[in-house]
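In the working numbering, the protein residues as written are 2 to 79. Structure record follows, encoded as C-alpha cells.
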Amino acid sequence: KKKKKKKKKKKVYNQMTETIQTLSKEVSNLKSQNEELCIKLEQMKQVLKQSKNYCQSLNNQVQELASEMQFQSELHQQ
C-alpha cells in the first residue's frame, strides 16, 4: 500500500511539475506577444500623429488659399 501511495504522489508531483512548466511557457509566450503588440501600437500612434500633423498642415494651406482668394476677389470688386 505504501508503494502505491508513493507512486501516486510521484505521479501527481510529475503532473503538477508538467503543468507549471506548461503555464510558465505560456506566460513567456504571452509576454512576448504583449511586447510585440506594444511596439506595433507605438508605431501606429506615430503614424496617427504624423497623419494628424499632415492634415493640420493641409488645412492651414487651404485656409491660406481661401484667404488669398477672398483678397483677390475683393480687389477685383473694387
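Glycine included, each C-beta is placed from N, C-alpha and C at the ideal position.
Could you check what DSSP says for Gln51 in three-state terms: helix, strand or coil?
-> In the sequence shown, residue 51 corresponds to position 50, counting from 1. Three-state result, Gln51: helix.
Reduced DSSP secondary structure (H/G/I, E/B, other) of Gln79 | On the sequence shown, residue 79 is found 78 positions in, with the first residue counted as 1. Residue state, collapsed to three classes: coil.
By Cβ distance, which residues of its chain are closer than 6 angstroms to Asn54, with the 5 residues on each side in sequence left out?
-> By 1-based counting over the sequence shown, the position of residue 54 is 53. Closer than 6 angstroms at the Cβ level, and outside the excluded window around Asn54, lies no residue.
Are the C-beta of Asn35 and some C-beta of chain C separated by less than 8 angstroms?
-> The structure shown contains no chain C, having only a single protein chain.
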